[in-house]
Each structure stands twice: as structure tokens, then as C-alpha cells.
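First the structure, in the form of C-alpha cells, and then the observations on it.
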Amino acid sequence: MPSQFLLTPMVELLRPDGIVANLKASSKKQVLQEMAKRAADLTGQHERAIFDVLLERERLGTTGVGRGIAIPHGKLPALPKVCALFARLDRPVDFDSIDEQPVDLICLLLAPESAGADHLKALALVSRMLRNPLFCEKLRGADTADAIYALLTHTEASNAA
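Given below as C-alpha cells:
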């Protein structure tokens, strides 16, 4: 009997073209610049505004949450809704993470300034998903952006409860 799959709430935040399977970057700053460039293409927001928001957030404290994962995030006034981008780096980079381990999985979250609880819910959702070591190994082993998107937006019905 084939497995059934359910959509996760990530499908509301993430578009298939918001995935980068092998992002090339050699530093935290370069990661944030590349992610800002891609976010600008997807959202219509200014690349510099996105980059500045991300840098400002990093100045408050690292978004490198440990185990090779970073969740950079910020708020933009003109953004219509919360959105996400996901990248797997081709090589891990130092992200000043709390566990001092380099980062290779990045989930960028952007929210409207007025988002409030929606922004926090999106952060909690991403954090919960990426807290699972087996799930992260699947993301690291996925060959294509499509495979990563499928992992992030679908869950097996038997595990959904």
C-alpha cells in the first residue's frame, strides 16, 4: 500500500523556486548576500534592504542555532506576507553558531513589519522541523532543489499526528 503524504504549513511560506540545493559561499556575509539576492528576486523587495535587515538581526545575536543550521530572519515594511527561502550550502561556513559548528542548512524567513505572531509562528515551525536530526540528514542527502522542496513541504500521513 503506497504511503500517503500531507502538506505541511511550510507550503504556505516556501515556493519551489525558493530552494537552492548547492549554494556556493565562503563566509556568513556571503551567504546572507546570496540569500538576500535570491529573496529580492522572489519578493520584489530591494536586495540591499533585505541584506541590511539580516545583518542587523545578526548583530543582535547569531541566528546559527547549532547542528549545522541557521535561521536568519527579519522584517520588511513593504512585504505582503511571511515567506521563506531554503539553501543547502555546497560547503559548510562559519556562522558564529551557538555550538561553534559550521552551518550548511539555511532557512531564511522574511516577514512584514506588522506580522507579529505570524513571524513567530513561522520561526517556531522552521525550528521544530530542523530540530529533527534525521530530517536534517534527509535534507543534506537530497540531490535536487525539487527533492528538498518535497521534504520541506510534505510529510508522511503516518507521521503527521
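If you're matching positions, the sequence shown starts at 449 in the numbering used here and goes up one per residue.
Ideal Cβ positions, reconstructed from N, Cα and C, are used throughout, including at glycine.
Since residue i sits in a beta bridge, which residues does DSSP pair it with?
i	result
residue 536	553
residue 514	517
residue 531	558
residue 523	559
residue 462	532
Determine the contact status of residue i and residue j, defining contact as a CB-CB distance below 9 Å.
i	j	result
residue 468	residue 539	no
residue 508	residue 466	no
residue 558	residue 522	yes
residue 475	residue 542	yes
residue 519	residue 479	no
residue 596	residue 551	no
residue 582	residue 600	no
residue 561	residue 524	yes
Where does residue i fall in DSSP's three states?
i	result
residue 564	coil
residue 542	coil
residue 469	strand
residue 457	helix
residue 547	coil
residue 481	helix
residue 475	coil
Identify which residue in the options has its Cα closest to the Cα of residue i.
i	options	result
residue 545	569, 460, 506 and 522	506
residue 458	481, 591, 476 and 578	578
residue 515	501, 553, 479 and 523	553
residue 483	556, 561 and 595	556
residue 464	531, 582 and 527	531
residue 494	601, 526 and 590	526
residue 461	585, 590, 510 and 490	490
residue 481	492, 498 and 470	498
residue 563	528, 488 and 580	528
**OP:** Write down every uninterrupted run of the beta strand (DSSP E) in the region 578-606 whose length is 3 residues or greater and which is fully enclosed by it, in chain order.
**Re:** 602-604
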